[in-house]
Amino acid sequence: MDETRVILIAGPTASGKSGLALRLAEELGGMVINADAMQVYSELRVLTARPDAEAEARVPHALYGTVAAADAYSAGRYVSDVTDALEQARQCGLRPIIVGGTGLYFKALTDGLSPIPPIDDDVRAHWRAEAAEHGARHLHGVLSGRDPEMAMRLAPGDTQRIVRALEVLESTGRSLAEWQRLPGEPLLPETETVRLLVAPEREELVRRIDRRFDGMVGEGALEEVQQLDALGLDPALPLMGALGVRPFRRHLAGEIGLETAIEASKIETRQYAKRQVTWSRRNMSSWNRLSAQQMECSVGQIMHFVQNAD
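Take 16 as the starting number for the sequence shown in the working numbering and just add one per residue.
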């Protein structure tokens, strides 16, 4: 196997992919590069399960905690930042290992981004204000009337993506679905990558999600949301949609008890993981799947498995 190929590790939340990336980086002399849309933000380190200081001290990490919560980070900026991180890794003689659960980021890297023109600032501000005033479900109804195809793709509560669909439609006059059908230029073609998809059994994944969230609460996740809430940010900003933020904000507002907020957070995390699994089945069918048992193997055995699967 070509040892210069970039290793990509995808999988649902709480599946153990970050731990695998750390092991590979230690054994292969690598740099771990983030592919999680929430872990790019400097806030909510615990709640977004960013690598802790001990992990970051063991191997070099990139694109973790580099963006402020008030910033609406985009896939376009992500590809640009990964390009820089790959160059940094190569200059340092490190094997790039890109890990995360954001399918759009991997798709942008391996398939390229659609050539969507920049969105007018006034249009973006308008739809964010609408989201703040009326909420995601109202905007989903607006989108259904103007762009039924995109509305069918998006969950009624997905504020960030609904706002994105509306602003693209208004700014360009074309549906986001049309733009997404236009081919892009991949940064990482298949021949330059090793593609691993972590695929635990559903029951094990649910146990891991619940266990991890309980740990997050003990490590200060609620306090993180309290600090985030104090910033008074636009609710349409990406980080405000991080798993656990909405239930904890409702608890902080006195609307629900803490146990109810914790259970609601676990439920939305399980639902998100289910969507991730569905998306990966549809979009990552050619990737090398790793079961929980295979992830327990040595790094050498994992790489041997991948080499034989190629």
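Beta carbons: idealized from backbone N, C-alpha and C, even for Gly.
Return yes when the Cβ of serine 295 is within less than 8 Å of the Cβ of alanine 64, no when it is not. no
Coil, strand or helix - proline 27 by DSSP: coil
Is threonine 117 buried or exposed, if buried means 16 or more other CB atoms sit within 10 Å of its CB? buried
Host beta strand (DSSP E) of arginine 110 (start-end): 110–115
Could you compute how far the alpha carbon of alanine 276 sits from the alpha carbon of isoleucine 224? 15 Å
Every unbroken beta strand (DSSP E) inside the stretch 234–292 [3 residues or more]: none
Just tell me which of Ala214, Leu252, Thr284, Leu254 has its CA closest to the CA of proline 35. One detail in the question is off: residue 35 reads as leucine in this sequence, not proline. Leucine 35 has its Cα closest to that of Ala214, out of Ala214, Leu252, Thr284, Leu254.
Beta-bridge partners of histidine 76, as assigned by DSSP: Val47
For arginine 4 versus alanine 29, is the C-beta distance shorter than 8 Å? Not covered by the structure: residue 4. The range shown for the chain is 16 to 325.
With 16 other Cβ atoms within 10 Å as the buried cut-off, status of arginine 290: exposed
Using a threshold of 8 Å, state whether the C-beta atoms of tryptophan 302 and leucine 220 are closer than that. no
Counting along the chain, where does the beta strand (DSSP E) carrying arginine 139 start and finish? Arginine 139 -> not in any beta strand (DSSP E); alpha helix (DSSP H) instead, spanning 136–149.
Mind the definition here: the stretch 112–130 touches the stretch 147–159 only if three or more C-beta pairs lie below 8 Å; say whether that holds. no
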